[in-house]
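Student:
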Amino acid sequence: MRAGRHVTRSEAETERVAAELARELAAGTVILLHGELGAGKTAFVRGVASGRGLDPNEVSSPTFVVIQEYGDARLQHVDLYRLGPDEVDDLGLDELSEQGAVVCVEWAERWREPPPGAVTVRMTVVGEEERELTVSGTPQRPEVA
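Numbers 1466 to 1610, taken from my numbering, label the letters of the sequence shown in order.
1) If we ignore side chains and look at the alpha-carbon of each, how far apart do GLU1595 and GLU1578 end up?
2) Given HIS1471, which residues of its chain have a CB within under 6 Å of its CB, disregarding the five upstream and five downstream residues?
3) Consult DSSP for LEU1598 and reduce its assignment to one of helix, strand or coil.
4) How close, in whole Å, do the beta carbons of GLY1602 and THR1585 come, if the pair is a contact with beta carbons under 8 Å?
5) Should ASP1544 be labelled buried (16 or more other beta-carbon atoms within 10 Å of its own) or exposed?
6) Check GLU1478 in the structure and name its three-state DSSP category.
7) I need the straight-line Cα distance from PRO1607 to ARG1517, nearest angstrom please.
8) For PRO1550, count neighbouring Cβ atoms within 10 angstroms of its own Cβ and tell me buried if that reaches 16, exposed if not.
9) Thinking C-beta only, is HIS1542 closer than 9 Å to GLU1560?
10) Could you give the residue range of the alpha helix (DSSP H) that holds ARG1511?
11) Our contact map puts ALA1459 next to VAL1513 with C-beta atoms below 8 Å; I'd like the distance itself, whole angstroms only.
12) Please return the same chain residues whose Cβ sits closer than 7 Å to the Cβ of LYS1506, not counting the five positions on each side in sequence.
Pasting the structure below:
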């Protein structure tokens, strides 16, 4: 998947776009998710899980637990919605990607200093089911042995 604008017309289509992106990601990639409540950020993470070979049905919003781990921590799903800047700093998010996990961060605008090289996905609600996804940054490709 290339950076740019993608329009989806259903939650399933949003998941397919995310799965396509996820297949191109190297371990340690950070995905910064921006969008209002109900924009489909958690659906996007389900797609990332699927694209990484994990069960998307296990993915749920981590709003109250802040960080969910999937697939022996190969995917980290972080939700910063309820946190202030100092609390975000205390999470040690940089360490998650350094451990080789793909890290999806909802409400990423609350992270003061995300790592350089992160992929940014801005999700805009266009209609009841329609979303505009704007992807920027270049995902690191997985290393091939």
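All residues carry an ideal CB built from backbone N, CA and C; glycine is no exception.
Tutor: The short version:
1) 31 Å
2) VAL1482 and LEU1598
3) strand
4) 5 Å
5) buried
6) helix
7) For PRO1607, the pLDDT reaches just 49, beneath the cut-off of 50, and the residue's location in the model is therefore unreliable, leaving the point undetermined.
8) exposed
9) no
10) 1506 to 1516
11) The displayed coordinates of the chain run from 1466 to 1610. Any statement about residue 1459 would go beyond what the structure contains.
12) LEU1498, GLY1500, GLU1571 and MET1588
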